[in-house]
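Number of protein chains: 2
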Amino acid sequence: MVVLASGCRDAFLQQKREATMLVELLCLLVFSVRLAHYAKVIPRDKFWKDPKNICIIVVLLLTLTDMIIYGGLKAANCYSVRWSRVLRPLLLINVTEGRQLRRAFRSIRNALPEISYVFVLFIFSVLIFSLMALKLLSKRDLKTIEGTPYFTNYLEIVFELYVLVTTANSPDVMMPAYNKSSVFAIFFILYILINTYIFMSVFLAVVFNNYKKYLKEEIQQLVRAKRHKMVRAFGVLQEQKEGGQPVVSHENWNKLVRQVRPDISNAHKELLWRVCDDDNQGFIGKVAFVQLADLLNIEVITLKSRPHPLESIIPNLYQSGPSRLLCRVVQHWGFVIAFDLIILVNAVFIGLDEENPLISNSEWFFLAIYVLEILLKLYVFEPRAFFSKHSFWNWFDTIVVFAALIATIINSALKSSGGYTSRQVLDIVFILRVLRLIRVVDRIERFRAIINTLIRIGPAILTFGQLILVVYYIFAMVGMELFKNKVKFYEDLSNPESTYCGNPLLKGSTFAQLGYCKNNFNNVVSSFILLLELTVVNQWHDILLHKHPPMLTAVTHKSALIFFVLFHVLVVIIIINIFVAFVLEAFFVEYSLGKGDLQTSLERKIEELELAVAQEKLEDNLVNAMETIDNDLGTGQSPTANLPTLLFKVASKRYRTVDALLQRMFEADLDPEDFAENDIPEDQTGNFANPTFATA
Amino acid sequence: MVVLASGCRDAFLQQKREATMLVELLCLLVFSVRLAHYAKVIPRDKFWKDPKNICIIVVLLLTLTDMIIYGGLKAANCYSVRWSRVLRPLLLINVTEGRQLRRAFRSIRNALPEISYVFVLFIFSVLIFSLMALKLLSKRDLKTIEGTPYFTNYLEIVFELYVLVTTANSPDVMMPAYNKSSVFAIFFILYILINTYIFMSVFLAVVFNNYKKYLKEEIQQLVRAKRHKMVRAFGVLQEQKEGGQPVVSHENWNKLVRQVRPDISNAHKELLWRVCDDDNQGFIGKVAFVQLADLLNIEVITLKSRPHPLESIIPNLYQSGPSRLLCRVVQHWGFVIAFDLIILVNAVFIGLDEENPLISNSEWFFLAIYVLEILLKLYVFEPRAFFSKHSFWNWFDTIVVFAALIATIINSALKSSGGYTSRQVLDIVFILRVLRLIRVVDRIERFRAIINTLIRIGPAILTFGQLILVVYYIFAMVGMELFKNKVKFYEDLSNPESTYCGNPLLKGSTFAQLGYCKNNFNNVVSSFILLLELTVVNQWHDILLHKHPPMLTAVTHKSALIFFVLFHVLVVIIIINIFVAFVLEAFFVEYSLGKGDLQTSLERKIEELELAVAQEKLEDNLVNAMETIDNDLGTGQSPTANLPTLLFKVASKRYRTVDALLQRMFEADLDPEDFAENDIPEDQTGNFANPTFATA
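The listed protein sequences correspond, in order, to chains A and B.
First residue of the first sequence? That's 1 in UniProt numbering, and the numbers climb one at a time after it.
First residue of the second sequence? That's 1 in UniProt numbering, and the numbers climb one at a time after it.
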């Protein structure tokens, strides 16, 4: 019976393995086809000069080799390791879409030498302190709280003090010495001050500074390459006008813009032309032409007053006294405050016990109120403006409220039909209900400003997300090879093995006592969560080493230590610091700088042409009553004649791309007149093979 | 017997109390006398306008009142609280010497509104997440590892999640939900991402930015006030020269400098004059005159080649062949490397077991080697140059080696006399031995650069030390009133009470199990150490709340929570962030900026006059062969005649005062031509009453 079951499992595992390998082969095929396509499109010498392509080819070949070896060994029932899995992130980094990621990695790689100096100094400091601790404490016969000798082995001291830098074992490591004499506390205070506070700050400073330096250089190169390409485009389009100055006519410029960005409206195009051709000459010079790429990157909201559809359908009713009163009420600030109060009351009700029928029924009341609010707003404001692309909170509100409505209906239907409540549906209902409360934040201007900044740096944060995912993936793969199934988690807590995670070595260990069995490397999901816990740093020494009683490294090898220290240095010291530095920099840019030069001149032009949306109107939220037109190409009539009914507004410092944000960050250090007439080698900018570059 | 002992103790406590109060009265008297002296020196209306003086008077009166009430109540055997102790730091802040501290506090106070917005948003986020956790997890009958219900009470969830922001309970708080289903990990990951990483970075950004903004304003005011005073001094000293331009003659300028800084040499003075009077006219205008204060703040090292004293005593021997060879050997880079290797070997020996007679005797060998090294260097280099003010590492070496020599001799004398080894002496020996190893760092240039930056910002770090001490003191006082003697520490571990810290409520608690009994508020020392542990944050919930089994807040009141959250916000979120920000800023200034304008012009002038110490010489450490003359006033001869034998060097960006460092940080934003001719109200600069200001 057992043999049969085990045979079954083996067969199942076999099948699973085959399926995974099939998927992998498919992926390899896709990458190969993609690469072959590239090789066809791009000139031969360029293709072979690009390190990205070579890297992809090498990784593909290595993966194929690994798969063959693995398959062969498995067929012969030998143990083998799928080592090529570690290489997979290289594919992700090297495909063209990974540009942000590639840049981040390059910056980190360039900053490494400087960081390593500080790191060596830091390690030296830890070693010196450890030596001092050994001399001061090893002969005093102190015991840890578990009864093991305290601070007697140099390597263990180094390890404990390294852990102390991460503050994970903060008072515990000090207690035996401190209990002996308060004087020893001075040693630990000095240690924490120097290594935790000062050195970690220095790390942040050095990481920040170097990362920024290299990122700036990259952005500078990118901007230079962009300008260079614009100059070349200028060379193609130019005509010789009076005075011998090469210029581009309005007509050619229009054609170009229509080709590059078919989605922008004629009015918007006209506006951009006016910014370029400030003197109304009908043609523009090189300097003005080169701006175009940046100009297109500034998001301009085109607004158009448009009557409410109900006004044309039932004009009498919509214009009647009660209807006008209703509009005034909904637009009154008291209406907003009333709904804020309702949300607060709702928050209290959510917090109360769900079992109470009064509470659970009140949900229907609140839902009705919220739906009513949205309907009222739709009655007052023009619907297409209400759901325009830039009205984030309106979308958020509507989606959350209606999703909650649907989920609540499904839930009560399930309940009344079989008395059965689906936990999943209920969870969704709860989450949606709580999400509704977030809206209150938007009401207070200061909060909105902070959140807007966060949303603005969102895309850049996602780049870090990718970066961390790639690093996590590599560590997860290595961790799975090293530590897989050393620790098991049992869903069934009554299983006696669950008290020691299925590993007799862990009997009575802190790891098992704290119930950390699920913190293991048995599959990708739990590996990622475990790595996240290691990133947060607290308790990592317990998690990773399954320490004591049978002393350090009972279950895992000492290599676990190297694994963690590498992870800590790479993720916590470098990447998290870069992340913090990035958020800092973004906030400083927000605080210290106004708008960019180009943006300012665009806004000035809008003002000049008297097309600006009045500021008070905007702040009054009345912008909702206007419509955003994003596709207004069919009009055909002269755009200038069209202008008076249109209003423009430069979107409040939103960046279409991460590049634009970065360029904005380093704008002060970039020379606007630097056209880099002297050719930069194509391959140095590293962007030739990038088909998406032209739109950047 | 017990009654008698208790009576004795009472009498002892009574005596101790009386002694403390006597000391306190004395202190009050000193402060009052000081204040009375001030009131006499400073004009009456200025004195009463200064908020510092009024604050001191109020604190003194309140303290006196408190002492009288306390004495009366104690005499009547009533319980009373010495609440005025909390006010004591105000005295420290408000005495004139606390200027740095006052400025730091002012900056924090000014930055508070902006910080509080982010804080409210952050708390809102915690509350929303807690509500979501309550709805998602409370009905699932989950249990914590201790068997108590998991996430059922809203306030407890809020608390747990607040603790999670500090990462102190990192995986534990997640484990029950994670064990139930991996999906819940998403909730915690999102929470940590948003609240720990993003919000804490935003805090750092906002704190940094606001602190810097207000500090810059203060420094700007200070610089303006300084310039204003210099302009007034100019008005007093000016003479009308040809062309009607008011100028100051060399003679008057010399007199002024001699009065302000009697310690600088004639040659140095001459150099400064040449920087001011660039065109060699014999007089200087207002702009050049106003620079004087800043010029005096630049540290100039005056160097003078001087023969070795042995050369004049025994010229034949010193100039002989073997002696010259010795000099060459000592100055050779191989000598340095040889000693680095010896230090490394020494490090290994220190790490080995002391009991081994070979090891303990080797210490004599190493000591002899080190003493020999110092003697050799003294033979080769001029002794007064070797021990000049700026040769930090020479001083360090010599002191550490000779202190170790003395301590080792004392130790072996004690050992051989009675076979008794004093632990204290041995500890000192060990510490000194390990300290010797630090010297290796100085050999590598990159390390030296980092350490120099750290030393440079040292004084500013001390200001933060004061700041933290003041805040610690206030919290220690409040903590002692609230929590004193709730937990007792027993030196004697065999005492059964020691297993539960003398408090039956703590039987079986984590707090007692981890042996945290000494983490208490029973006296000032342990309070400070406890607060430091709270600053490091890890395990603070165990330390402060003595949680579980008898649930939260068994020993201490729920007020402990408020106490900690206040402490956390003030110390960890605000002050530590400012500290980090300060270190960051100092490093950025180091990285991004070169030397200041004035410093550059001073260096240029030194170059011009061909008085510069050759750069290679300096780097070759040969600067040690030159002598620093700090008092060279008696020469009387024309300083210019003296010049060729003297060499100058601007000390590598060392700042005499924290103000100079701060001014340097914000230099780019200060207008050098802004003389603020329009009077600033004296009291606004807030520095009239400050007698030390004139030297700043």
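The beta-carbon is built from N, C-alpha and C at its ideal position, and this holds for glycine as well.
- When CB distances to chain B are screened at a threshold of 7 Å, the residues of the stretch 160–192 of chain A falling below it are THR167, ALA168, SER170, PRO171, ASP172, MET175, TYR178, ASN179, SER182, ALA185, ILE189, ILE192, in chain order.
- Cβ proximity to chain B below 7 Å picks out nothing from the stretch 501–513 of chain A.
- Under the three-state reduction of DSSP, B/GLN238 is assigned to coil, being neither helix nor strand.
- For A/LEU532, the chain B residues whose C-beta falls within less than 7 Å of its own C-beta are ILE189, listed in chain order.
- Scanning its chain for C-beta atoms nearer than 8 Å, with the 5 sequence neighbours on each side dropped, one finds around B/VAL572 the residues THR166, THR535, VAL537, in chain order.
- Using a Cβ distance threshold of 8 Å, B/MET175 and A/GLY515 count as a contacting pair.
- B/SER509 sits in coil when the DSSP states are folded into three classes, being neither helix nor strand.
- A/LYS74 is bridged by DSSP to nothing; it lacks a bridge partner.
- The distance from the Cβ of A/VAL206 to that of B/VAL583 is about 11 Å, inconsistent with a contact at the 8 Å cut-off.
- At a C-beta separation below 9 Å, B/ASP277 has no neighbours in chain A, since its nearest C-beta there lies roughly 37 Å away.
- The Cβ atoms of B/LEU367 and B/LEU405 sit closer than 8 Å to each other.
- Rounded to the nearest whole angstrom, the CA to CA distance from A/LEU437 to B/LYS16 is 58 Å.
- For the set B/PHE464, B/ALA449, B/VAL565, B/LEU506, the Cα lying nearest the Cα of B/PHE587 is the one of B/ALA449.
- As DSSP reads the structure, A/ILE284 sits in a beta bridge with A/VAL248.
- Against A/TYR516, the close residues of chain B are PRO171, ASP172, MET175, in the order they occur along the chain (beta-carbon pairs closer than 9 Å).
- Chain order gives the chain B residues near A/ILE431 as MET132, LYS135, LEU136, where near means a beta carbon separation below 8 Å.
- In this structure, B/MET132 and A/VAL434 form a Cβ contact; the two beta carbons are roughly 5 Å apart against a cut-off of 8 Å.
- In the DSSP secondary-structure assignment, A/ILE69 is not bridged to any residue.
- Taking the Cα positions, A/ARG446 is about 23 Å away from B/LEU190.
- Contact between the stretch 380–389 of chain B and the stretch 313–332 of chain B is present: 3 or more CB-CB pairs across the two stretches fall below 8 Å.
- Relative to the Cα of B/ALA413, the nearest Cα in the group B/LEU426, B/VAL401, B/ILE314 belongs to B/LEU426.
- Less than 8 Å divides the Cβ of B/LYS212 from the Cβ of B/GLU585.
- Of all residues in the stretch 345–372 of chain A, only ALA347, ILE350, GLY351, GLU354 place a beta-carbon less than 8 Å from a beta-carbon of chain B.
- A Cβ of chain B is located within less than 8 Å of the beta carbon of A/SER201.
- Burial is judged here by how many other beta carbons sit within 10 angstroms of a residue's own beta carbon; A/GLN424 has fewer than 16 and is exposed.
- A Cβ-Cβ separation of about 6 Å places A/LEU28 in contact with A/LEU60 under the 8 Å criterion.
- Contact of B/LEU467 with chain A by beta-carbon distance below 7 Å is absent, the smallest such distance being about 14 Å.
- Residues of the stretch 211–233 of chain A with a C-beta atom less than 7 Å from some C-beta of chain B do not occur.
- B/ILE298 carries a strand assignment under DSSP once its states are collapsed to helix, strand and coil.
- Under the DSSP definition of a beta bridge, A/PRO149 partners with A/LYS143.
- Sequence-distant Cβ neighbours of A/THR398 in its own chain, meaning closer than 8 Å and more than five residues away, are ILE374, PHE387.
- Against B/VAL583, the close residues of chain A are TYR197, ILE198, SER201, VAL202, LEU204, ALA205, in the order they occur along the chain (beta-carbon pairs closer than 9 Å).
- Inter-residue distance for A/GLU311 and A/GLN319 is about 7 Å (C-alpha atoms, whole angstroms).
- Apart from sequence neighbours up to five positions away, the residues of its chain that approach A/SER80 with a beta-carbon distance below 8 Å are ILE69, TYR70, LEU73, LYS74, ordered along the chain.
- Under a criterion of Cβ atoms nearer than 7 Å, the residues of chain A adjacent to B/ASP427 are, in order, LEU136.
- The residue from B/ARG227, B/LEU222, B/PHE283 with its alpha-carbon nearest to that of B/GLN238 is B/PHE283.
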